[in-house]
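Structure first, then comments.
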Amino acid sequence: MSSYKPVRNNNSKSTMKTIKDDILPSQIVSDYVKESDGYQKYRIQFREPYKHFLGCVGLDERDWNLSRPRADLRCNALFQQLTSMYSITSKPDFFNEKKEKDTETKEGVDYFGDFDREIRPHFEIAIATENQYYDEMKTKMQVIHDFYTNDFEAKKAEFASLGPELEALQKSRPTDPEQIQQMDKVMNRFTELQRLLKSMIQPGLTAIQSQHLKAMRECMEAYQKLNDNWSNCFVSFSKFKPKLTVKRRIKDEEKGKDKADKLGEDDRDI
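Set out below in structure tokens:
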């Protein structure tokens with residue numbers, strides 16, 4: 001019959017006491033639950049601030065499931081809105097679209113020509129820059145993404161459930177080959193989970209928090225550079241003059257005149 005020998009890590013800086021061969025699996029689970037309490041609380045408390053931070057820099061948790069930048073990134077989304085305003089058929093990836101010629105003009109002004117000549121080139125540069133920094137910011141935040149996708153809760157729950165099962169098998173002292181095989185299977189999985197879970201909290205909560213703050217700071221620096229590049233891309237837009245004239249409706253003018261007359265009467269009364 002196999003004897004249970006939990007994993008030892010003599011080089012560990014963990015506060016978990018050295019496990020002896022005769023310690024009960026339920027006690028091993030209990031010790032780990034206490035030791036990982038701070039780690040688990042931090043995961044819960046930091047979750048919403050992390051998601052909020054991603055939104056502030058234009059990222060989203062679903063970005064890590066994509067192989068390319070989202071079509072709704074800020075610059076690209078703005079570009080699509082402008083193409084709609086100029087009555088141009090918009091596509092998710094305008095870099096690959098075939099430029100269409102809109103021969104219709106209004107009041108002698110070729111709005112598509114202005115858009116294609118003066119606006120599109122600046123947006124092409126701005127969107128390429130956004131995609132570049134999008135990838136860079138994702139790389140910076142990868143460590144926090146990994147922190148939240150390591151299945152800690154699921155592994156911890158499985159580890160806790162295997163403790164009583166393994167303990168019961170050991171107490172029954174099975175002699176049947178199939179039961180012995182089952183106990184070995186449970187023991188191996190229990191030991192594997194113990195090793196994985198210990199490795200997650202091994203750096204210590206202070207080191208983990210420091211690592212996350214560093215990632216966020218570097219991501220913010222990249223986001224600032226992105227904004228600086230945008231300023232350079234769009235600086236020439238300030239020289240553009242609108243070619244549309246907004247005319248007041250006659251009814252609005254009459255209303256304005258009536259209000260002025262009424263105010264004049266009130267002044268005379270005073």
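Residue numbering for the sequence shown follows the UniProt record's numbering, beginning at 1 and increasing consecutively. Note that beta-carbon positions come from the ideal geometry of N, C-alpha and C, so glycine has one too. Quick caveat: nothing in here was measured; it's all calculated off a predicted structure.
- Judged by DSSP secondary structure, Phe237 falls outside any alpha helix (DSSP H); it is assigned neither H nor E.
- In the DSSP assignment, Thr129 falls within the alpha helix (DSSP H) that extends over Arg120 to Lys140.
- Nearest Cα to Arg43 within the set Trp230, Tyr223, Ile201 and Lys225: Ile201.
- The residue among Gln80, Lys41, Lys34 and Gln27 with its C-alpha nearest the C-alpha of Ile127 is Gln80.
- Here Leu73 carries a coil assignment [DSSP, helix/strand/coil].
- Considering only Ile23, Tyr134, Glu167 and Leu193, the residue with the shortest C-alpha distance to Met183 is Glu167.
- At the C-beta level, Cys219 and Lys156 stay beyond 8 Å of one another.
- Ranked by Cα distance from Ser199, the options Arg117, Phe53, Tyr39 and Tyr223 are led by Tyr39.
- Between Met85 and Ala222 a beta carbon distance of about 30 Å is seen, past the 8 Å cut, so the two are scored as non-contacting.
- Cβ contact annotation for Trp64 (same chain, cutoff 6 Å, sequence separation greater than five): His145, in chain order.
- Taken through DSSP and simplified to helix, strand or coil, Pro174 comes out as coil.
- For Glu61, there is no enclosing alpha helix (DSSP H), since its DSSP letter is neither H nor E.
- With the rule of 3 Cβ pairs closer than 8 Å, the region 116-126 counts as touching the region 223-239.
- Gln209 counts as exposed, since fewer than 16 other C-beta atoms from the protein chains shown sit within 10 angstroms of its C-beta.
- By the beta-carbon neighbour count (other beta carbons within 10 angstroms, threshold 16), Cys75 is buried.
- Residue range Pro25 to Glu35 is occupied by the alpha helix (DSSP H) that includes Gln27.
- Annotated three-state conformation of Gln194 is helix, per DSSP.
- Excluding sequence positions up to five before and after Leu226, its CB lies within less than 7 Å of the CB of Thr129, Glu130 and Tyr133, all in the same chain and listed in chain order.
- Val186 places its beta carbon less than 8 Å from that of Glu165.
- A direct Cα-to-Cα measurement between Lys34 and Lys41 gives close to 11 Å.
- In terms of CA proximity to Leu73, Leu59 leads the group Ser161, Glu178, Leu59 and Ser67.
- Nearest in C-alpha terms to Thr191, of all of Leu162, Asp31 and His52, is Leu162.
- Across the set Asp176, Leu196, Arg217 and Ala207, the C-alpha of Leu196 shows the shortest separation from the C-alpha of Glu153.
- Burial state of Leu54 is buried, judged by a 10 Å Cβ sphere holding 16 or more other Cβ atoms.
- Just so you know, the alpha carbons of Ala77 and Leu205 end up roughly 39 Å apart.
- DSSP places Asp151 in the coil class of the three-state scheme, outside both helix and strand.
- About 5 Å separates the Cβ atoms of Val29 and Ala160, confirming a contact at the 8 Å cut-off.
- For Ser231 and His122, the gap between their C-alpha atoms comes out near 11 Å.
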